[in-house]
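Residue numbers (numbering that gives the first Met the number 0): 0 to 103.
Glycine included, every Cβ here is placed at the ideal spot set by N, Cα and C.
It should be emphasised that the depicted structure is a prediction, and the values quoted were computed from it without experimental measurement.
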Amino acid sequence: MASDTVRDVQPGEAQGLIDQGWRLVDVRTDAEWAQGRVAGAHHVPMDQVVEQIGAHTEHPLLIMCASGGRSYRVAQYLAAQGIEVANLDGGIHAWEDAGLPVER
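Spelled out as structure tokens, the structure:
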């Protein structure tokens with residue numbers, strides 16, 4: 000059951016959630032996305048979340064951005080809509096710092 004509480008997850012835990020079927024949604028801008036992305040992530044820029052997120056809600060969502068701030072705000076909004084959601088704490092920067100792969 001979803002609630003309006005957003006859980007922050009670290010990159011290692013995030014990888015485990017993805018392996019369990021959570022959908023990774025990257026809310027960064029097109030320019031940020033072009034600089035590098037996590038394989039398998041779905042790109043839904045923050046300003047398009049309301050219009051596009053419905054296509055991704057059949058799975059729990061793990062939201063990411065560059066450092067975790069924008070994604071946390073998006074995750075709060077989605078949780079308030081009753082969607083099961085978590086935030087990648089530290090964003091793609093933390094993902095890379097953890098040694099996890101990024102496509103360029």
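When secondary structure is reduced to three states using DSSP, residue 62 falls in the strand class.
The alpha-carbon separation between residue 8 and residue 58 amounts to approximately 17 Å. Put simply, the backbone Cα of residue 87 is about 9 Å away from that of residue 6. For residue 55, same chain residues with a beta-carbon under 8 Å away, outside a window of 5 residues either side, are 22, 24, 41, 43 in chain order.
According to the DSSP secondary-structure assignment, residue 23 is paired through a beta bridge with 61. Shown here, residue 84 sits in a strand according to DSSP, grouped into three states. Counted as a single uninterrupted DSSP element, the alpha helix (DSSP H) harbouring residue 72 occupies residues 68-79. Within its own chain, the residues whose Cβ lies closer than 6 Å to the Cβ of residue 48, once the five positions on either side in sequence are excluded, are 73, listed in chain order. At the C-beta level, residue 26 and residue 70 come within 8 Å of one another. If you draw a straight line from the Cα of residue 34 to the Cα of residue 103, it comes to about 6 Å.
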